[in-house]
Amino acid sequence: MNLQSTKLLFRLIVKTKCLQQQRERKLSSSQTLSNIPEAVDDFLRNFLRRAGLTRTLSRFEVEWYGSALRRLTDTLNTVATAAPGVYFIPDALTHRRLLQSELEAVRAETELLREEVLGAGASLVRIQRERDFHRLQHRRVSEDKRRLTEDFKQLKKHLQSYDPVLRQLEEKYQTAVRQKMLLSFHRERLQSTTDPTPAQVKEERRKEKPPAKTTARLKDSEFPPCSGLPRAYLEQMNSHKSFASFSLACSIRAHQQPISCIDLHPRKLILVSASDDSTWRLWVLPEEREKMLLTGEGHSDWLSGCSFHPDGSKLATTSGDMTVRLWDFSRGYCVLMLSGHAQPTWACSFHSCGHFLASCSADRTAKLWDLNSQRCRLTLRQHTASVNSVCFLPSSNLLLTCSADKTIALWDARLGVCTTTFLGHYHPCNHAAFSSATSMVASCDSSGIVNTWDMRKPTSPMAAGDTGPLSANQVAFNHSGKMLAVASSDGLVKLVEVDSGSVSSLEGHRDSVQSVTFDHKGETVISAGSDGRVNIWS
Numbered sequence: 001m002n003l004q005s006t007k008l009l010f011r012l013i014v015k016t017k018c019l020q021q022q023r024e025r026k027l028s029s030s031q032t033l034s035n036i037p038e039a040v041d042d043f044l045r046n047f048l049r050r051a052g053l054t055r056t057l058s059r060f061e062v063e064w065y066g067s068a069l070r071r072l073t074d075t076l077n078t079v080a081t082a083a084p085g086v087y088f089i090p091d092a093l094t095h096r097r098l099l100q101s102e103l104e105a106v107r108a109e110t111e112l113l114r115e116e117v118l119g120a121g122a123s124l125v126r127i128q129r130e131r132d133f134h135r136l137q138h139r140r141v142s143e144d145k146r147r148l149t150e151d152f153k154q155l156k157k158h159l160q161s162y163d164p165v166l167r168q169l170e171e172k173y174q175t176a177v178r179q180k181m182l183l184s185f186h187r188e189r190l191q192s193t194t195d196p197t198p199a200q201v202k203e204e205r206r207k208e209k210p211p212a213k214t215t216a217r218l219k220d221s222e223f224p225p226c227s228g229l230p231r232a233y234l235e236q237m238n239s240h241k242s243f244a245s246f247s248l249a250c251s252i253r254a255h256q257q258p259i260s261c262i263d264l265h266p267r268k269l270i271l272v273s274a275s276d277d278s279t280w281r282l283w284v285l286p287e288e289r290e291k292m293l294l295t296g297e298g299h300s301d302w303l304s305g306c307s308f309h310p311d312g313s314k315l316a317t318t319s320g321d322m323t324v325r326l327w328d329f330s331r332g333y334c335v336l337m338l339s340g341h342a343q344p345t346w347a348c349s350f351h352s353c354g355h356f357l358a359s360c361s362a363d364r365t366a367k368l369w370d371l372n373s374q375r376c377r378l379t380l381r382q383h384t385a386s387v388n389s390v391c392f393l394p395s396s397n398l399l400l401t402c403s404a405d406k407t408i409a410l411w412d413a414r415l416g417v418c419t420t421t422f423l424g425h426y427h428p429c430n431h432a433a434f435s436s437a438t439s440m441v442a443s444c445d446s447s448g449i450v451n452t453w454d455m456r457k458p459t460s461p462m463a464a465g466d467t468g469p470l471s472a473n474q475v476a477f478n479h480s481g482k483m484l485a486v487a488s489s490d491g492l493v494k495l496v497e498v499d500s501g502s503v504s505s506l507e508g509h510r511d512s513v514q515s516v517t518f519d520h521k522g523e524t525v526i527s528a529g530s531d532g533r534v535n536i537w538s
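Take the sequence shown: its position 237, counting from 1, is numbered 237 in UniProt numbering, and each next residue is one higher.
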């Protein structure tokens with residue numbers, strides 16, 4: 001048998017097999033196959049074996065398992081490489097089973113998607129309900145805001161209607177304070193008179209009664225003549241002790257907020273501290289334990305400076321509320337408020353006679369107040385920037401000011417004339433102090449430079465010391481004039497030996513040091529800073 005006859009026989013057999021399968025499918029279309037159908041190659045082998053075609057069978061097996069199998073393998077590899085996951089299915093039953101498994105996977109995925117869609121629908125309904133709730137809340141809040149805004153505007157108008165009444169009450173209060181001070185003054189004069197005659201008593205009583213409708217001004221004070229310091233005081237100042245190291249002896253938590261200034265009582269070991277919390281406190285400083293005596297409240301803003309009256313019975317304070325207040329310790333409240341500065345006041349100083357008070361402000365002026373007539377006697381205008389410190393020279397009518405315009409000025413308080421201007425700083429000056437023992441002036445600026453000046457040679461400083469690089473906030477002489485204490489923004493208290501220029505540091509503050517002073521003997525340094533503490537070094 002040749003190859004052509006074999007191919008014809010193979011086609012006939014395949015056609016016969018197909019017709020037989022169609023007939024069987026028609027006969028049992030409603031029945032399920034119980035056995036797997038016979039494969040095509042097995043059918044051909046069985047057919048050739050029954051017909052006795054041995055050579056044809058052997059030739060078929062050779063070709064089937066040879067070239068035909070290789071072609072089938074190449075085809076499968078090509079299909080698998082071109083489309084991964086696609087394979088040749090040899091029979092319909094295996095293909096059906098694969099399709100059945102894919103259908104079950106698709107049904108499972110469909111069920112999962114259905115559950116996710118149902119969950120998303122429930123979430124959407126919940127989000128829509130929350131959206132409606134928040135919309136309702138937003139409308140309510142908007143309505144409340146509108147109503148509160150209207151109420152606020154009405155209250156603001158109502159408050160503005162009280163301004164004229166408040167101004168009238170303030171004027172009445174100031175008038176009452178002045179009348180009370182006048183009556184107190186006359187009462188003290190009456191009590192100080194020994195064995196007054198009935199006519200004198202009657203006259204004093206008549207003077208005590210203020211006229212019903214009078215606007216007479218109280219009498220101005222007179223400047224005392226310049227006088228030298230007491231001899232005992234000069235001897236005490238000239239007794240200079242050797243430069244020694246100081247150590248921290250005591251630390252007081254005076255305020256919760258930063259302390260801007262401290263001052264020592266003229267005769268007693270009593271310290272006053274002024275703070276950003278708008279209050280001042282009076283402290284007794286014995287060696288064993290500190291004690292707070294008194295506190296004062298009345299300023300509406302932070303306190304910037306404080307100064308004791310020469311007799312120690314009163315205190316003057318300056319504040320960010322642009323006022324200067326006078327406090328009487330025996331009465332425990334403010335007895336006089338001085339208004340006139342246009343910007344915050346920085347510092348104040350009493351004249352040695354006690355009748356005059358000088359103050360300085362950020363409005364570039366210094367003012368001289370007469371405490372008896374309760375008015376501003378002079379306004380000193382020369383500085384071109386904020387006046388940061390003011391100080392009366394002891395037992396004289398000279399006033400020392402320093403300014404952010406990098407200059408220090410010496411004034412004649414009787415005439416309001418600047419007699420000397422000290423030039424030499426290259427940065428804004430923060431503070432200036434005077435030494436009665438050596439007639440020297442010390443000043444410090446925002447870069448930490450400390451200059452000492454001879455009052456007779458104001459053109460250039462005698463010596464300069466560098467305590468920087470941070471700002472030097474305040475400087476103070478000891479009574480001998482040989483030592484300077486400098487309050488520095490780096491948290492240190494710097495001690496400067498005037499003659500040698502040597503500098504030592506005292507550590508103890510946790511923040512910037514704002515104020516420093518010596519005690520009456522010059523053996524103790526007292527400092528205060530932004531950490532709210534007062535440190536005592538001895």
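Backbone N, C-alpha and C define an ideal beta-carbon position, used for all residues, glycine too.
Out of L495, A463, A464 and G468, point me to the one whose CA is closest to N478's CA. When only C-alpha atoms are compared, the closest one is L495.
task: Give me the Cα-Cα distance between D490 and G468, rounded to the nearest whole angstrom.
output: 8 Å
* Asked: Using DSSP with H/G/I as helix, E/B as strand and the rest coil, what is R147?
  -> helix
task: Please find out if some non-hydrogen atom of the ligand MN comes closer than 7 Å to the beta-carbon of K219.
output: Among the ligands in the structure shown, none appear at all, so the ligand MN cannot be discussed.
Check your understanding: Roughly how many angstroms lie between the CA atoms of D519 and F392, to the nearest whole one?
Key -> 19 Å
Less than 8 Å between the C-beta atoms of H299 and S319, yes or no?
yes
query = Considering R49, what are the terminal residues of the alpha helix (DSSP H) in which it resides?
reply = V40 to A51
Quiz item: Could you give the residue range of the alpha helix (DSSP H) that holds L59?
Solution: Checking the displayed sequence, the identity of residue 59 turns out to be Arg instead of Leu. First-last of the alpha helix (DSSP H) with R59: T54 to E63.
CA-CA distance, A358 and L159?
36 Å
Exercise. Does the Cβ of H95 have 16 or more other Cβ atoms within 10 Å, making it buried, or fewer, making it exposed?
Worked result: exposed
Local Cβ density within 10 Å of I292, reported as buried at 16 or more and exposed below that:
The identity of residue 292 in the sequence shown is Met, whereas the question assumes Ile. Classification of M292: exposed, given that the 10 Å Cβ count is below 16.
Open item on the list: Just to confirm, is the Cβ distance from K367 to G312 under 8 Å?
Closed with: Their beta carbons are not under 8 Å apart, which means K367 does not touch G312 by this criterion.
### Query
Where does F60 land, buried or exposed, given buried means 16+ other C-beta within 10 angstroms?
Of the residues assessed, F60 falls on the buried side of the cut-off, its CB having 16 or more other CB atoms within 10 angstroms.
Do you know whose CA, among A347, L371 and F356, lies nearest residue 539's CA?
Summary: the structure shown does not reach residue 539, with the chain confined to residues 1 through 538, and so no result is reported for it.
* Asked: Buried or exposed: where does H255 fall if 16 or more other Cβ atoms within 10 Å of its Cβ makes it buried?
  -> buried
**Message:** Going by beta-carbon coordinates alone, are P310 and P266 separated by less than 8 Å?
**Reply:** yes
(Q) Based on DSSP bridge pairs, tell me the residues matched to D405. (A) Answer is none; D405 lacks a bridge partner.
Taking its Cβ as the centre, do 16 or more other Cβ atoms sit within 10 Å of H509, making it buried, or is it exposed? buried
Exercise for the section: Would you grab the beta carbon distance between P394 and S439 for me? Rounded to a whole angstrom, and I think it's under 8 Å. Expected result: Contact doesn't hold; Cβ gap of about 11 Å is too wide.
Review point. Quick one, are the C-beta atoms of H427 and D445 less than 8 Å apart?
Key: yes
Tell me which same chain residues have a C-beta within less than 6 Å of the C-beta of D263, skipping the five on either side of it?
Cβ within range, chain order: V272, C306, S307 and F308.
Discussion item. On a Cα-Cα basis, can you pick out the residue from S435, M462, T452 and N451 that is closest to G522?
Written reply: S435
key: Which of helix, strand or coil DSSP assigns to S439   = Residue state, collapsed to three classes: coil.
Whole-angstrom distance between H431 and residue 541, CA atom to CA atom:
Since the displayed the chain opens at 1 and closes at 538, residue 541 lies outside it and no answer follows.
Can you give me the C-alpha to C-alpha distance between T161 and L148, rounded to a whole angstrom? The amino acid at residue 161 is misidentified as Thr; the sequence shows Ser. Whole-angstrom Cα-Cα distance: 20 Å.
Notebook entry, point to check: What does DSSP give as the partner residues of A433 in its beta bridges?
Noted result: In the DSSP assignment, A433 forms a beta bridge with A442.
### Query
So, using beta-carbon positions, are L470 and G501 closer together than 8 Å?
no
Where does T452 land, buried or exposed, given buried means 16+ other C-beta within 10 angstroms? Under the 10 Å beta carbon count, T452 is surrounded by 16 or more other beta carbons and is classified as buried.
- What's the gap between the Cα of I36 and the Cα of E116? Because I36 carries a pLDDT of 49, less than 50, the predicted location of this residue cannot be relied on, and the following value inherits that uncertainty. So the two alpha carbons sit approximately 41 Å from each other.
Simplified DSSP state of Q160, which is helix, strand or coil = helix
How would you label Q474, buried or exposed, when you count the other beta carbons within 10 angstroms and need 16 or more for buried?
buried
Measure the CB-CB distance between D511 and S530 and report whether it falls below 8 Å. yes
Just confirm the distance between the C-beta atoms of G532 and R253, as a whole number of angstroms; I'd bet it's less than 8 Å. Distance from G532 to R253 at the Cβ level is roughly 6 Å; contact confirmed, criterion being Cβ atoms closer than 8 Å.
Cα-Cα separation, P164 to E171:
11 Å
Report all residues from its chain with a CB closer than 7 Å to the CB of T194; omit the five preceding and five following residues, and keep chain order.
For T194, the pLDDT reaches just 45, beneath the cut-off of 50, and the residue's location in the model is therefore unreliable, although a value from the coordinates is still provided. Excluding sequence neighbours, T194 sits near nothing in its chain.
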